[in-house]
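Undergrad: Would you mind keeping the following structure in view while I ask a few things?
Chains as they are written, first to last, in my numbering: chain A, 38 to 306; chain B, 554 to 800.
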């Protein structure tokens with residue numbers, strides 16, 4: 038479990054995170070959602086230690102992370118896997134070398150053992166026969182899968198995904214979402230995902246944190262989000278008519294009625 | 554103020570490098586890789602410039618010696634000493650500041666912008682040790698070797714040009730080459746080579762590692778690193794000459 042307490046972060050005069058408190062649930066897909074500039078990426082970077090918060094505490098299974106010694110932080114980081122927005126694959130290395138890199142650095146396995154692990158992980162993310170390809174030869178979806186494979190190769194306890202669907206078509210996005218969800222359940226990982234993709238929110242959001250202007254505005258599950266009365270959250274999530282209709286359908290299914298504030302004329306158009 | 558801030562960050566960068574390596578074998582592999590990249594990668598340009606610099610040096614020295622009272626062997630002596638004292642270490646390193654420096658800055662800058670450095674950090678790897686230190690050590694291993702090669706080739710270039718144009722005979726050149734040779738000059742040359750190789754690798758690594766932004770900023774960082782390295786080399790050249798050659 039990851040716990041964030043009273044986290045504050047600013048850059049110069051600009052305050053990006055204001056007193057954020059959150060708990061990332063173990064073995065679940067925790068989604069941090071919010072508009073661009075809401076502070077979700079800064080929050081994630083603070084949690085993984087890429088940014089140092091101005092104030093507040095971050096606990097990994099009860100261990101305070103921000104004030105930890107560098108060597109202890111390294112031990113925690115060995116339990117972290119991260120999928121970056123642009124995949125962040127090492128472009129001078131092949132797919133196989135990219136995934137093997139953490140194994141080379143942190144294990145004493147023989148080459149044959151490492152290759153076996155790499156092939157198993159590649160197989161798990163449905164990327165067979167891509168071993169010898171370089172990142173420049175891969176599509177966006179394939180790069181994300183390699184990024185996921187590299188992130189899970191050391192069997193981490195925590196998986197962080199920064200905008201895993203950015204730049205992907207809806208179908209590939211769903212495949213990546215499904216893969217992340219499956220891996221979360223399979224390895225019992227605590228997964229934290231930064232996204233503003235509504236499909237992801239509805240499909241894999243076991244626990245959702247909505248950020249608005251550096252504040253945690255709402256917290257709940259993908260079931261609860263439909264019935265939320267939070268106006269800021271509703272205006273962010275159900276921004277389009279299509280999504281408003283989808284919400285109505287879900288409400289009808291669940292409660293037999295739609296939102297009282299919903300303009301029926303819109304629905305009948 | 555910016556200059557002091559940058560210098561402070563530059564010093565802190567070195568402090569961050571002093572950590573126990575996560576895996577010595579991987580660090581050694583990276584050091585060998587960087588040594589090969591820097592040394593082998595720059596060998597071609599070093600061979601070309603040093604040979605021609607030596608050749609031009611011989612021709613221009615001969616051109617300036619108009620009186621028959623000065624023996625022809627003096628040409629070889631001047632070529633030898635200018636190549637050892639100045640051309641091989643300084644000129645080679647200024648060219649390498651462009652070749653190696655821009656490569657280091659753009660490589661690290663690109664890794665920073667594409668979040669590859671963050672990816673290393675997340676894995677628990679000290680990126681300053683793993684990405685910067687092998688580059689600096691690799692440069693300090695290979696660049697002095699390149700300077701030695703440049704010295705031999707520079708003198709060879711002077712000999713070939715001098716003999717080919719009939720300015721000096723091979724015997725006269727060889728006699729002049731060994732006449733009045735001061736081994737201290739080689740010591741001075743090596744001190745310069747190590748100092749400059751440190752400058753060439755550490756300054757671009759600093760600008761590349763801390764780059765912020767995108768492709769445009771990588772280009773700017775690369776250019777700035779080359780300019781600052783060249784100025785630092787010339788400044789260090791003067792300081793070393795003042796300190797070590799001042800009788």
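Glycine included, C-beta positions come from ideal geometry on N, C-alpha and C. The model shown is predicted, which means the values in this text are computed figures rather than measured ones.
1) Do residue 135(A) and residue 183(A) count as a contact pair if the criterion is CB distance below 8 Å?
2) Could you name each continuous alpha helix (DSSP H) segment of 4 residues or more that falls completely within the segment 640-677 of chain B, going from the start of the chain to the end?
3) If you draw a straight line from the alpha carbon of residue 230(A) to that of residue 201(A), how long is it in whole angstroms?
4) What's the gap between the Cα of residue 225(A) and the Cα of residue 563(B)?
5) Using a Cβ cut-off of 7 Å, pull out every chain A residue sitting near residue 579(B), in sequence order please.
6) Starting from residue 244(A), trace the beta strand (DSSP E) in both directions and tell me its first and last residue.
7) By the 10 Å Cβ neighbour count, where 16 or more other Cβ atoms means buried, how is residue 683(B) classified, buried or exposed?
8) For a cutoff of 8 Å on Cβ pairs, would you count residue 676(B) as touching chain A?
9) Going by DSSP, which residues form a beta bridge with residue 196(A)?
10) Out of curiosity, what's the CA-to-CA distance linking residue 114(A) and residue 105(A)?
11) Counting contacts by CB-CB distance shorter than 8 Å, is residue 111(A) in contact with chain B?
12) Looking at residue 186(A): is its Cβ nearer than 8 Å to the Cβ of residue 162(A)?
13) Can you tell which of 585(B), 745(B), 595(B), 603(B) has its C-alpha closest to the C-alpha of residue 709(B)?
14) So which residues of chain B does residue 125(A) contact, with C-beta pairs closer than 7 Å?
15) Roughly how many angstroms separate the alpha carbons of residue 290(A) and residue 274(A), rounded to a whole number?
16) Locate the beta strand (DSSP E) running through residue 60(A), then write down its first and last residues.
17) How would you label residue 688(B), buried or exposed, when you count the other beta carbons within 10 angstroms and need 16 or more for buried?
18) Could you confirm whether any beta carbon from chain B is found closer than 8 Å to the beta carbon of residue 305(A)?
19) Does the segment 164-178 of chain A come within contact of the segment 602-616 of chain B, defined as at least 3 CB pairs closer than 8 Å?
20) Rounded to whole angstroms, what is the Cα-Cα separation between residue 206(A) and residue 690(B)?
21) Here's the rule: buried if 16 or more other CB atoms are within 10 angstroms of the residue's CB, otherwise exposed. What is residue 148(A)?
22) Quick one, which residues of the segment 571-603 of chain B are near chain A if we go by CB-CB under 7 Å, in chain order?
23) So, is the C-beta of residue 136(A) closer than 8 Å to a C-beta in chain D?
24) Closest Cβ-Cβ distance between residue 182(A) and chain B: below 8 Å?
25) Determine the direct distance from the alpha carbon of residue 164(A) to that of residue 189(A), and round the result to whole angstroms.
26) Could you work out which residue in 237(A), 218(A), 227(A), 212(A) is closest to residue 194(A) when comparing CA atoms only?
27) Grouping DSSP H, G and I as helix and E and B as strand, with all else coil, what is residue 94(A)?
28) Output, in sequence order along the chain, the residues in the segment 48-78 of chain A whose CB is closer than 7 Å to any CB in chain B.
29) Quick check: what's the CA-CA separation for residue 698(B) versus residue 742(B)?
30) Cα-Cα, which of 250(A), 246(A), 266(A) is closest to residue 257(A)?
31) Touching or not, the segment 655-662 of chain B and the segment 609-616 of chain B, by the rule of three or more beta carbon pairs under 8 Å?
32) Strictly under 8 Å for the Cβ-Cβ distance: is residue 149(A) near chain B by that measure?
33) For residue 110(A), which option in 95(A), 120(A), 239(A) has the closest C-alpha, if you only look at C-alpha atoms?
34) Verify whether the separation of the beta carbon atoms of residue 143(A) and residue 590(B) is less than 8 Å.
35) For residue 87(A), which residues in chain B fall below 8 Å Cβ to Cβ?
36) Taking the straight line between their C-alpha atoms, what separation do you get for residue 243(A) and residue 216(A)?
TA: Let me lay it out:
1) yes
2) 645-649, 655-666, 669-675
3) 8 Å
4) 42 Å
5) 141, 142
6) 244-249
7) buried
8) yes
9) 118(A), 228(A)
10) 12 Å
11) yes
12) yes
13) 603(B)
14) 667, 668, 669, 671, 672
15) 19 Å
16) 51-61
17) buried
18) The pLDDT assigned to residue 305(A) is 49, lower than 50, so where the model puts this residue is not dependable; a value taken from the coordinates is nonetheless given after this. For residue 305(A), the answer is no, since every Cβ of chain B falls outside 8 Å of its Cβ.
19) no
20) 45 Å
21) exposed
22) 575, 576, 579
23) You won't find chain D in this structure, because its protein chains are A and B.
24) no
25) 14 Å
26) 227(A)
27) strand
28) none
29) 11 Å
30) 246(A)
31) no
32) no
33) 95(A)
34) no
35) 671, 674, 675
36) 15 Å
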